[in-house]
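Participant: Before we start, here is the structure in question, set down as structure tokens.
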Amino acid sequence: MRRRDEKFPENGFEDGGGYMQVKIAKLEAQFSSCAGKEVIRLSNIFNGVSIYVNGFTKPSAEELKELMAQHGGVYHTYQRSNDYIIASNLPDTKVKNMSLSKVVKPEWISDSIAANSLLDYRKYLLYKNSRTQPQLNFNKLTATNIKTDESHIKDEKDNIELNLKYNNSDKQINEMLGANTNVSTTDTKPALNKVNTNDCIAKTAVDPNFISEFYNNSRLHHISQLGAFFKQHVNDLRDASDFSFPARATLKSKILSSGTSLVADTNFDNGKVIIHIDMDCFFVSVGLRKRPELRGKPVAVTHSKGSKPQTKREGVDRNTEFNLYKQKQAKKLGKVTGIKEDEIVFESRVDNVGDEDSEYGSLSEIASCSYEARAKGIKNGMFMGPALKLCPNLQTIPYDFDGYKEVAYTLYNTIAQYTLDIEAVSCDEMYVDCTELLKDLKVSVQDFATALREEIKDKTGCPCSTGFGSNRLQSRLATKRAKPDGQFFLTSDLVEDFMFGITLKDLPGVGRQTSQKLESLGHQTCGSLQTLTLGLLQRHLGNKTGAQLFDQCRGRDPNPLTFHTIRKSVSAEVNYGIRFETNDQCFLFLKQLSAEVHSRMQHFKVLGKCITLKLMVRAEEAPVETAKFMGHGFCNVLNKSTNLTNATNDVEIITKEVISLCKKQKINPKELRGTSCDVKNQIKVEDNTKNPVTPKKKSISLSMNKSPKHGIKSSPVKRRGRPPKSLKNSLTIAKSGMDKFLAGEIQVKEELPVQTVPEIIQDEKPKRADSNPDGLMSLSWEKVRELLRAWLDSGQAPKLCDTRMIATYLSKLVAKKDIDKVYILMNFLKRRTHEIGLDIWIEVYNYVLEDVQNSMIAVYGKKLWINN
DNA sequence: ATCCTCCCCTAC
DNA sequence: TAAGGTAGGGGAGGAT
Numbered sequence: 009m010r011r012r013d014e015k016f017p018e019n020g021f022e023d024g025g026g027y028m029q030v031k032i033a034k035l036e037a038q039f040s041s042c043a044g045k046e047v048i049r050l051s052n053i054f055n056g057v058s059i060y061v062n063g064f065t066k067p068s069a070e071e072l073k074e075l076m077a078q079h080g081g082v083y084h085t086y087q088r089s090n091d092y093i094i095a096s097n098l099p100d101t102k103v104k105n106m107s108l109s110k111v112v113k114p115e116w117i118s119d120s121i122a123a124n125s126l127l128d129y130r131k132y133l134l135y136k137n138s139r140t141q142p143q144l145n146f147n148k149l150t151a152t153n154i155k156t157d158e159s160h161i162k163d164e165k166d167n168i169e170l171n172l173k174y175n176n177s178d179k180q181i182n183e184m185l186g187a188n189t190n191v192s193t194t195d196t197k198p199a200l201n202k203v204n205t206n207d208c209i210a211k212t213a214v215d216p217n218f219i220s221e222f223y224n225n226s227r228l229h230h231i232s233q234l235g236a237f238f239k240q241h242v243n244d245l246r247d248a249s250d251f252s253f254p255a256r257a258t259l260k261s262k263i264l265s266s267g268t269s270l271v272a273d274t275n276f277d278n279g280k281v282i283i284h285i286d287m288d289c290f291f292v293s294v295g296l297r298k299r300p301e302l303r304g305k306p307v308a309v310t311h312s313k314g315s316k317p318q319t320k321r322e323g324v325d326r327n328t329e330f331n332l333y334k335q336k337q338a339k340k341l342g343k344v345t346g347i348k349e350d351e352i353v354f355e356s357r358v359d360n361v362g363d364e365d366s367e368y369g370s371l372s373e374i375a376s377c378s379y380e381a382r383a384k385g386i387k388n389g390m391f392m393g394p395a396l397k398l399c400p401n402l403q404t405i406p407y408d409f410d411g412y413k414e415v416a417y418t419l420y421n422t423i424a425q426y427t428l429d430i431e432a433v434s435c436d437e438m439y440v441d442c443t444e445l446l447k448d449l450k451v452s453v454q455d456f457a458t459a460l461r462e463e464i465k466d467k468t469g470c471p472c473s474t475g476f477g478s479n480r481l482q483s484r485l486a487t488k489r490a491k492p493d494g495q496f497f498l499t500s501d502l503v504e505d506f507m508f509g510i511t512l513k514d515l516p517g518v519g520r521q522t523s524q525k526l527e528s529l530g531h532q533t534c535g536s537l538q539t540l541t542l543g544l545l546q547r548h549l550g551n552k553t554g555a556q557l558f559d560q561c562r563g564r565d566p567n568p569l570t571f572h573t574i575r576k577s578v579s580a581e582v583n584y585g586i587r588f589e590t591n592d593q594c595f596l597f598l599k600q601l602s603a604e605v606h607s608r609m610q611h612f613k614v615l616g617k618c619i620t621l622k623l624m625v626r627a628e629e630a631p632v633e634t635a636k637f638m639g640h641g642f643c644n645v646l647n648k649s650t651n652l653t654n655a656t657n658d659v660e661i662i663t664k665e666v667i668s669l670c671k672k673q674k675i676n677p678k679e680l681r682g683t684s685c686d687v688k689n690q691i692k693v694e695d696n697t698k699n700p701v702t703p704k705k706k707s708i709s710l711s712m713n714k715s716p717k718h719g720i721k722s723s724p725v726k727r728r729g730r731p732p733k734s735l736k737n738s739l740t741i742a743k744s745g746m747d748k749f750l751a752g753e754i755q756v757k758e759e760l761p762v763q764t765v766p767e768i769i770q771d772e773k774p775k776r777a778d779s780n781p782d783g784l785m786s787l788s789w790e791k792v793r794e795l796l797r798a799w800l801d802s803g804q805a806p807k808l809c810d811t812r813m814i815a816t817y818l819s820k821l822v823a824k825k826d827i828d829k830v831y832i833l834m835n836f837l838k839r840r841t842h843e844i845g846l847d848i849w850i851e852v853y854n855y856v857l858e859d860v861q862n863s864m865i866a867v868y869g870k871k872l873w874i875n876n
């Protein structure tokens, strides 16, 4: 929106040294002096240093936290990429997969303090001649706006814990147990519970370190967390951006000078250009950066490196167990297709698995495999054993979870230089609406894609593929065609023929069950499915799915990209290593799981109302000993949920409900093979783009309707007071401060330190200036209002930087769903700017309003209601 | 009809 | 050995 800026008179809007910034600096000075009452600042040795503590250390994590605060450093509860990792020892499994170049002994901290200066951390590396990984340097990013945005975002937030650590979990659990049960703590119980929490690798869920150990190694956990992280990253980038993209100019000149420019642009329907970007076999590509000699060979990422057959475990019966899986699948397919279940032919992942002690017996799963491996028939998710059978010279490489995150960062930030109309799908995949971007660049789609892919490959060392289309479905299918390392443009003239040949299984949302069902109806391709009527599809597949399929097989997709995501549920699940002897062990684990969910909820600042417990219980026919080591085996699955009257994030309530749900099931703890704890949301969102959101006095649940087209016209006006009972899934943004008065029905358990200064009425306690790269968000909104008032009264011409700052702040409030505050501040701003009556101040108001309304649309799908 | 609850499916 | 998580959409069937 550079144009927006240009319409302001130049003199009043030059950047830098704005009124607000000066004011904020003063405020921060005040804060740091009054913050001194809480943390006494002894030195600034650790200025610019941030640490993350991994495992048991001396001094303890708590102590290190305090030391960092006293000496000017930053302590992170969750690991961030710039952190020094403080550790005294690390489990082998962890060491294998992480970059060790910044793993430092705690003595570095204590010695530095003793010496009163920051000592060279390299002298304190835990692993001396550590094979330092060629880490990508985020600061190399060219776009300056990204650089600044990202650095502050990294400091300010990090909702996702990629490296889950439970510094407090033992303590918490012991406290909980001490309070109300007779389960002994680890040191009083012999045998099973006797675990050295520091250097023993957790084997089963009985071990207090198990969750952390497991999550550190779980690819699925990482995939999930990374996905959530980058969705949030896009949210954050958008919140912080002024939507000017200086890097576009560079890209444009690069494209023009490359001389390949095609003049004629390809035409897309409805003028939209959607690009889908997907890294090629992501985990493998990242891994190959360190193993270039394996390029061109069949490669798989897996935990198992091992070739040698293992000794048999007592009681394992692969045949019985695998047959149970196949029977169940056959039964399901029989039901779905109407074919007799014993006549159904289908391929299963338990096919071709060798005996436990055979060369091909490994049940380790392949997370990702190279195209050379795929050529041999190997697929992601396949067991290692059968894969080796297909390709005996399959090379394996280990996971590199840090690497995935780094590459993903680079990928996202590369795109974000040019546009923020991004919908994050996962860490290695996204949709981008390029309509506006391409208009601005005035280059062909082809040249743009070529340049973009080249830049991504240069920066990450990993190839990606892109597809273009006029909607998300088309672009996605185009990417599939483009792979590997290619690009494809599904122009509107191609769509019809292209769709005709697409396999139904390739449609997003059509998995094994659906495609089997469709096949039993006699259809394998989109072209063939097009002969079916909407009604028939709906009868067989349900209303929604049928309608979606009807559209999809014609290349239609009415769903727009969603740039801003809102989370609706939080859960934690472990279906591996669950082996309990007693109920107490089971409940203890559920407490840990609840604590995990609770801590995630805290990070997302959400409350939830509906708590679901999922249990996997060994099926009666299934062997007690599972085929896969520590796996869940063949199980029955149970889901039980409770609906609380009030949304909460109280760990004790969650724990209590979860355990009570579990108790009701009367499961023999020895038969338990998996557990999950899920807290769901209940914000309901109103459709209705016409009716603006007005802040509700009594309810913070904003009513919105999800289905955009089957328009439901519920007016927001009738939604005073408590929301209808019917609203389900309440996960509400945690409120505090003023909102407590507005949100009568929500209980918020404050987990703030007790010594809250009474003068500070508001929720957000000001942070210290040095940990506060972004001014306004760290202030209470009332402080912001004061600042705003002072600015308006200053008699000076408004500057662009101040205007932007306010706009950004308010947009962030929108994203945080602090609509009440936005409402007050916007009306305040409107009133005061209009009182002043100068055009330039009116422009300021309009500028801010535009940003706020854009955010409102992104978050709620409708505009904020403003007085008059 | 419309809900609630449990369950299934899909995707990464 | 092995690390089978997580969020979201939606359907079936009973309760209201």
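Under the working numbering, residues 9 to 876 are what the first sequence spells out, in order.
For glycine and all other residues, C-beta sits at the position ideal for the given N, C-alpha and C.
Since we're looking at a predicted model, the values are computed, not measured.
(1) For Glu-581, which residues in the same chain have their Cβ closer than 6 Å to its Cβ, ignoring the five residues on either side in sequence?
(2) Helix, strand or coil: how does DSSP classify Ser-478 here?
(3) Taking the DSSP output, what are the residues bridged to His-84?
(4) Would the beta-carbon of Arg-49 fall within 8 Å of that of Gly-80?
(5) From His-229 to Phe-237, what does the alpha carbon distance come to, in whole angstroms?
(6) Let's test the definition: count the other Cβ atoms within 10 Å of the Cβ of Ala-122 and tell me whether it reaches 16, buried, or not, exposed.
(7) Ser-378 lies in the alpha helix (DSSP H); which residues open and close that run?
(8) Along the beta strand (DSSP E) that carries Cys-877, what are the first and last residues, could you check?
(9) Mind pulling the beta strand (DSSP E) runs of 3 or more residues that sit fully within the stretch 371-430?
(10) Return the CA-CA distance between Leu-557 and Asp-441, expressed in angstroms with no decimal places.
(11) Taking 8 Å as the cut-off, decide whether the C-beta atoms of Pro-677 and Glu-589 are in contact.
(12) I'd like the list of long-range same chain contacts for Asp-859, defined as Cβ closer than 6 Å, with 5 residues on each side in sequence excluded.
(13) Where DSSP assigns a beta bridge to Val-578, which residues make up the other side?
(14) Take the Cβ of Ile-154 as the centre, count every other Cβ of all protein chains shown within 10 Å, and call the residue buried at 16 or more, exposed below.
(15) For Tyr-174, which three-state DSSP category applies?
(16) Less than 8 Å separating the beta-carbons of Val-281 and Leu-549?
(17) Do the stretch 417-435 and the stretch 325-335 touch if we need at least three Cβ pairs shorter than 8 Å?
(18) Roughly how many whole angstroms lie between the Cα atoms of Asn-388 and Ile-374?
(19) Measure the C-alpha to C-alpha separation of Phe-54 and Tyr-60 and round it to an integer number of angstroms.
(20) Can you look up Ala-798 in the DSSP assignment and give me helix, strand or coil?
(21) On the premise that Ser-293 lies in contact with Pro-406, defined as a C-beta separation below 8 Å, what is that separation, rounded to the nearest angstrom?
(22) Classify His-842 as buried or exposed, calling it buried when 16 or more other Cβ atoms lie within 10 Å of its own Cβ.
(23) Cβ of Ser-372 within 8 Å of Cβ of Met-392?
(24) Rounded to whole angstroms, what is the Cα-Cα separation between Glu-71 and Thr-319?
(25) Sort Ser-649, Tyr-420 and Arg-520 by Cα distance to Glu-355 and report the nearest one.
(26) Starting from Ala-805 and walking both ways along the alpha helix (DSSP H), at which residues does that stretch end?
(27) To the nearest whole angstrom, what separates the beta carbons of Tyr-439 and Arg-480, a pair I think is in contact under 8 Å?
(28) Assuming Leu-800 and Ile-850 are in contact, meaning their beta carbons sit under 8 Å apart, how far apart are those beta carbons, in whole angstroms?
(29) Label Lys-671 either buried or exposed according to how many other C-beta atoms from any shown protein chain fall within 10 Å of its C-beta, with 16 as the threshold for buried.
(30) Near Ser-434, what residues of its chain come up, given a Cβ to Cβ distance below 8 Å and the 5 sequence neighbours on each side ignored?
(31) Does Met-287 come out as helix, strand or coil in the three-state DSSP assignment?
(32) Going straight from the alpha carbon of Glu-301 to that of Val-307, what length do you get?
(33) Could you tell me the distance, in whole angstroms, from the CA atom of Val-830 to the CA atom of Leu-821?
(34) Roughly how many whole angstroms lie between the Cα atoms of Phe-290 and Asp-658?
(35) Is the beta carbon of Tyr-584 sitting closer than 8 Å to the one on His-640?
(36) Mapping the DSSP letters down to three states, classify Ile-586 as helix, strand or coil.
Facilitator: So, to answer that:
(1) These residues qualify, in order along the chain: Ser-684.
(2) Secondary structure at Ser-478: coil, using DSSP grouped into helix, strand and coil.
(3) Tyr-60
(4) yes
(5) 12 Å
(6) exposed
(7) For Ser-378, there is no enclosing alpha helix (DSSP H), since its DSSP letter is neither H nor E.
(8) The requested residue 877 is not part of the displayed model; the chain covers only 9 to 876.
(9) Listed in chain order, the complete beta strand (DSSP E) runs (minimum 3 residues) inside the stretch 371-430 are 403-405.
(10) 23 Å
(11) The answer is yes: Cβ separation under 8 Å.
(12) Ala-815 and Ser-819
(13) Val-687
(14) Because the pLDDT at Ile-154 is just 31, under 50, the model does not fix this residue reliably, and the value given afterwards should be weighed accordingly. Under this definition Ile-154 is a buried residue.
(15) Only weak support exists for where Tyr-174 lies, its pLDDT of 31 falling under 50; the coordinates are left without a value.
(16) It is not a contact, given that the beta carbons lie outside the stated cut-off.
(17) no
(18) Cα-Cα distance, rounded: 6 Å.
(19) Approximately 13 Å between the Cα atoms of the pair.
(20) Assigned with DSSP and collapsed to three states, Ala-798 falls in helix.
(21) That belief does not hold up - the Cβ atoms of Pro-406 and Ser-293 are roughly 14 Å apart, past 8 Å.
(22) Label assigned to His-842: exposed.
(23) yes
(24) 45 Å
(25) Arg-520
(26) Per DSSP, Ala-805 belongs to no alpha helix (DSSP H) and is neither H nor E.
(27) 5 Å
(28) Not confirmed; about 12 Å, so no contact.
(29) Classification for Lys-671: exposed.
(30) Cβ neighbours of Ser-434 beyond the five flanking positions: Ile-231, Leu-234, Gly-235 and Phe-238.
(31) strand
(32) 11 Å
(33) Straight across, the Cα-Cα distance linking Val-830 with Leu-821 is about 6 Å.
(34) 38 Å
(35) Closer than 8 Å, so yes.
(36) The three-state secondary structure of Ile-586, taken from DSSP, is coil.
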